[in-house]
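Novice: The number in our numbering is simply the position in the sequence shown, starting from 1, with 104 added. Got a structure for you, written out below as structure tokens; questions coming shortly.
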Amino acid sequence: MEEKKFDINSIIGFVLIFGILLFMLWQNQPTPEEVAAEEKAKQAQVEAEQKAKVEKDTFVSTAEDYSNTTALDSLKLEGLKNKLGAFAYASTLPSATDNETVVETDLLQLKFSNKGGYLSEVKLKNFVSYDSVPIYIIKDGNAAFNISFSTTDNRNLNTQDLYFEPTVTENGENTVVSMKLKVSETEFLEYRYELKPDDYMFGFDVRSKGLDDVIDSSKEVNLDWEIKTYRHAKSISYENKYTELIFEYEDGKDDYLGQGDFKDDTAEDVSWVAYKQHFFTSILLADQTFKTGFFTSKDLVENEDVDTTFTKAFSSKMPLALEGGEINKSMDLYYGPSDYKILNAYDRNLDEVIPLGWGIFGWINRYLFIPLFSFLGSFMPYGIAIVVMTVLIKLCLSFVQYKQFLSQAKLKIIKPELDAIREKHKDNKLKVQQETMALQSKAGASPLSGCLPALIQLPVFYALFQFFPSAFDIRQKSFLWADDLSSYDTIANLPFNIPFYGDHVSLFPILASIAIFFYMKMTTGQQMASQPTQEGMPDMAKMMKYMIYLSPIMMLFFFNNFASGLSLYYFISNLISIGIILVIKNYILDENKIHAQIQVSKAKPKKESKFQKKMKEMMEQAEQQKKQGKR
105 MEEKKFDINS IIGFVLIFGI LLFMLWQNQP TPEEVAAEEK AKQAQVEAEQ
155 KAKVEKDTFV STAEDYSNTT ALDSLKLEGL KNKLGAFAYA STLPSATDNE
205 TVVETDLLQL KFSNKGGYLS EVKLKNFVSY DSVPIYIIKD GNAAFNISFS
255 TTDNRNLNTQ DLYFEPTVTE NGENTVVSMK LKVSETEFLE YRYELKPDDY
305 MFGFDVRSKG LDDVIDSSKE VNLDWEIKTY RHAKSISYEN KYTELIFEYE
355 DGKDDYLGQG DFKDDTAEDV SWVAYKQHFF TSILLADQTF KTGFFTSKDL
405 VENEDVDTTF TKAFSSKMPL ALEGGEINKS MDLYYGPSDY KILNAYDRNL
455 DEVIPLGWGI FGWINRYLFI PLFSFLGSFM PYGIAIVVMT VLIKLCLSFV
505 QYKQFLSQAK LKIIKPELDA IREKHKDNKL KVQQETMALQ SKAGASPLSG
555 CLPALIQLPV FYALFQFFPS AFDIRQKSFL WADDLSSYDT IANLPFNIPF
605 YGDHVSLFPI LASIAIFFYM KMTTGQQMAS QPTQEGMPDM AKMMKYMIYL
655 SPIMMLFFFN NFASGLSLYY FISNLISIGI ILVIKNYILD ENKIHAQIQV
705 SKAKPKKESK FQKKMKEMME QAEQQKKQGK R
């Protein structure tokens, strides 16, 4: 075998190659600047990985269910698919975070949450609460909107737990916010909001695409809408009294749940639902009615003497009909003031949200008081407008007071003759009634003629009682010592709370109570003077005397927490009534002339009406039956 020899040439070759490699490494070593750049890049990579980990841990309703990274580990992705099925895709998107999209109009500032796709905040930009805090209808999780449904692979899901992808576009002057819950890039459930620049109402559509084989159409798809209403007014009890859930159903009918610790109701063919917070309202309206609706109202004010954040909790549950296995529901949302003029302008029967009274009371408010007050308020302070409107109303009703006072004056003049009839036939009550009716008819002094004018005034008084608490125009408008005509005025704060009265002293109710006292003293005295003397009258006189003092006290307690605008109206109204009575008594009515007219009227033969003849016949028959019974 040939012996291997050491090759000097090979050694020289290896040395040269090694030297060349060392020279190349020396030439290509990084500069200090390049070293710093590399370190910075490594640090940026570390920070990016940490941020991705934080987002991965926080974007889900339960921390271990969802992830915000684009590459989920297989184990977690498998668990997510087991829970959400086709909707697990939404959790793999960058939008699967608790981020919010902020959109503003001239009137509203809105925040849309990726989680649930609904509004997480609604701020009314032009209003503040009694303590100068901005008005938020939705904030800090007080409201919820959810669509619950079942999937074809037997899962029960809620949209409020899932993540939507937001996009904001412009449609002319309108702003469109689209929130999509994706199954794939072409299959999704979408909430579409279209906001107008100068409108409290905006379009709200719920539609799905490509989900006909995902959503189980054999089971109900329900829309749930809830809210806890924030307190915005100074008087908790007063605001809570006018905070209520109202709904329209069956082609124009409307109803409300009313007050109470807990109320619920159901209705069919529901077209809108309103959560009214006295002066601010949330409304959900449907273009096509919901088949049914289930509504609840819970009072959250356990003690009106203790400060509170929320007044009531409202909820509505309504099914969504599927069309070809897809959801396609066009609706509108309103977040704004409970202002009759604004709501009525939509021509969707939303004026029923404002409690103006039923029947004739509502008509008087809609077609008389609201237009009149709006006209007066357009060129004068609202406190002065209340005074002027009160004067106009009392002048229009002055003829009614005149008729009422005239009737009482006539009864007072013929009172001696009525007493004589009672004395003459004291053992025959039927005869007393017959001759009393005959004398009153000839004198034109029927007690009924005095009651009718009072009845005519009742619709006006009740309409105004409904009008002032609902008048949005007087909210936060001051007059004299009252800072806000829509709330109580305060001249003194008490260091304690008086039951049914409160912890403050309001001056307008005191003035109104004093005016009522003098008015009742004048009218009750005139009325008692016109009543004939009979058994039991002393007790009646005593009761009416008590009412003179009791009514003002009731007024004082009842109105101490009510709107000062309403107390102002009653104060001015009773002052004017006192003035009208004094004028009628001292300058218009002359009892001597009235007495002479009565005597002339009594001398004339008076033709009996059919009603009077019938009453006379009935009395005569009753008298005969009484005599036969004695025999």
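Note that beta-carbon positions come from the ideal geometry of N, C-alpha and C, so glycine has one too.
What's the gap between the Cα of Phe572 and the Cα of Pro613?
Specialist: Here residue 572 corresponds to residue number 468 of the sequence shown, with the count starting at 1. Here residue 613 corresponds to residue number 509 of the sequence shown, with the count starting at 1. Approximately 15 angstroms, taken between the alpha carbons.
Novice: How close, in whole Å, do the beta carbons of Ser199 and Glu269 come, if the pair is a contact with beta carbons under 8 angstroms?
Specialist: Counting from one through the sequence shown, the residue named residue 199 turns up at place 95. Counting from one through the sequence shown, the residue named residue 269 turns up at place 165. Right, the Cβ-Cβ distance comes to about 4 angstroms (below 8 angstroms), so this counts as a contact.
Novice: Please go through the same chain and pick out, in chain order, the residues whose beta-carbon is closer than 8 angstroms to the beta-carbon of Leu211, but skip the five residues on each side of it.
Specialist: Here residue 211 corresponds to residue number 107 of the sequence shown, with the count starting at 1. Closer than 8 angstroms at Cβ, skipping near neighbours: Leu228, Lys229, Asn230, Asp302, Asp303, Tyr304, Gly440.
Novice: Going by DSSP in three states, Phe483 sits in which element: helix, strand or coil?
Specialist: In the sequence shown, counting from the first residue as 1, residue 483 sits at position 379. Here Phe483 sits in coil by DSSP.
Novice: Return the bridge partner residues of Ile602 from the DSSP annotation.
Specialist: Stepping through the sequence shown from its first residue, residue 602 is reached at position 498. Its beta-bridge partners are Gly606.
Novice: For Tyr673, which residues of its own chain have a beta-carbon under 7 angstroms away from its beta-carbon, when the five flanking residues on both sides are left out?
Specialist: Looking up residue 673 in the sequence shown gives position 569. Taken in chain order, the residues that qualify are Ile490, Thr494, Leu568, Phe572.
Novice: Just confirm the distance between the C-beta atoms of Lys357 and Tyr234, as a whole number of angstroms; I'd bet it's less than 8 angstroms.
Specialist: By 1-based counting over the sequence shown, the position of residue 357 is 253. By 1-based counting over the sequence shown, the position of residue 234 is 130. Not a contact, Cβ separation roughly 35 angstroms.
Novice: Out of Lys332, Ala390, Leu499, Thr370, which has the shortest C-alpha to C-alpha gap to Lys380?
Specialist: Walking along the sequence shown from the start, residue 380 turns up at place 276. Checked all of Lys332, Ala390, Leu499, Thr370; the closest Cα to Lys380 is Lys332.
Novice: For Ile676 and Ile692, I'd like the C-alpha separation in whole angstroms.
Specialist: Here residue 676 refers to the residue found at position 572 when the sequence shown is read from its first residue. Here residue 692 refers to the residue found at position 588 when the sequence shown is read from its first residue. Distance between the alpha carbons of Ile676 and Ile692: 22 angstroms.
Novice: By the three-class DSSP mapping on this structure, what secondary structure does Pro475 have?
Specialist: If you number the sequence shown from 1, residue 475 lands on position 371. Pro475: helix per DSSP, three-state reduction.
Novice: Kindly indicate which three-state DSSP category Ser165 falls into: helix, strand or coil?
Specialist: Counted from its first residue, the sequence shown places residue 165 at position 61. Any reading at Ser165 needs caution, since the residue's pLDDT is 42, under 50, leaving its predicted position unreliable; the model's value is listed next. Residue state, collapsed to three classes: coil.
Novice: Thinking C-beta only, is Ile468 closer than 8 angstroms to Val564?
Specialist: Within the sequence shown, residue 564 is the residue found at index 460, counting from 1. Within the sequence shown, residue 468 is the residue found at index 364, counting from 1. Cβ distance < 8 angstroms, so Val564 and Ile468 count as in contact.
Novice: Report the three-state DSSP secondary structure of Gln512 (helix, strand or coil).
Specialist: Reading the sequence shown from its first residue, position 408 is the one you call residue 512. Helix.
Novice: In this structure, does DSSP put Gly683 in helix, strand or coil?
Specialist: As a working note, residue 683 is residue 579 in the sequence shown. Residue state, collapsed to three classes: helix.
Novice: Taking the alpha-carbon positions, what's the Leu426 to Val377 distance?
Specialist: Here the question's residue 426 lines up with position 322 in the sequence shown. Here the question's residue 377 lines up with position 273 in the sequence shown. Their Cα atoms are separated by approximately 21 angstroms.
Novice: With C-beta atoms as the reference, is Ser341 less than 8 angstroms away from Tyr267?
Specialist: What you label residue 341 is simply residue 237 of the sequence shown in a count that begins at 1. What you label residue 267 is simply residue 163 of the sequence shown in a count that begins at 1. Cβ distance not < 8 angstroms, so Ser341 and Tyr267 don't count as in contact.
Novice: Is it right to say Gln392 is buried, meaning 16 or more other beta carbons lie within 10 angstroms of its own, or is it exposed?
Specialist: Start at 1 with the first residue of the sequence shown, and residue 392 comes out as number 288. Label assigned to Gln392: exposed.
Novice: How many Å lie between Leu223 and Ala190 at the Cα?
Specialist: As a working note, residue 223 is residue 119 in the sequence shown. As a working note, residue 190 is residue 86 in the sequence shown. So the two alpha carbons sit approximately 25 angstroms from each other.
Novice: Who are the near neighbours of Pro238 in its chain, counting only those whose CB is closer than 7 angstroms to its CB and skipping five residues on each side?
Specialist: Counting from one through the sequence shown, the residue named residue 238 turns up at place 134. Lys227, Val232.
Novice: On the CB-based measure, 16 or more other CB atoms within 10 Å of its CB, does Tyr170 come out buried or exposed?
Specialist: Working through the sequence shown from its first residue, we reach residue 170 at position 66. The predicted position of Tyr170 is uncertain, since its pLDDT is 40 and thus under 50; a value taken from the coordinates is nonetheless stated next. Its Cβ being crowded by 16 or more others within 10 Å, Tyr170 is buried.
Novice: Check Tyr592 in the structure and name its three-state DSSP category.
Specialist: As a first step, residue 592 is located in the sequence shown; it is residue number 488 there, counting from the start. Looking at Tyr592 - three-state DSSP - the assignment turns out to be coil, as it is neither helix nor strand.
Novice: Determine the contact status of Gly487 and Leu424, defining contact as a CB-CB distance below 8 angstroms.
Specialist: Taking the sequence shown and counting its residues from 1, one reaches residue 487 at position 383. Taking the sequence shown and counting its residues from 1, one reaches residue 424 at position 320. No, Cβ-Cβ distance for Gly487 and Leu424 is not below 8 angstroms.
Novice: Let's test the definition: count the other Cβ atoms within 10 Å of the Cβ of Tyr444 and tell me whether it reaches 16, buried, or not, exposed.
Specialist: Here the question's residue 444 lines up with position 340 in the sequence shown. Answer is buried; the Cβ neighbour count reaches 16.
Novice: To which residues of the same chain is Tyr360 closer than 6 angstroms at the C-beta, ignoring the five residues directly before and after it?
Specialist: Looking up residue 360 in the sequence shown gives position 256. Correct list, in chain order: Glu348, Ile350.
Novice: Once the 5 residues before and after Gly364 are set aside, which same chain residues still bring their CB inside 8 angstroms of it?
Specialist: Residue numbering aside, residue 364 sits at position 260 when the sequence shown is read from its first letter. So the list reads Ser401, Asp403, once near-sequence residues are dropped.
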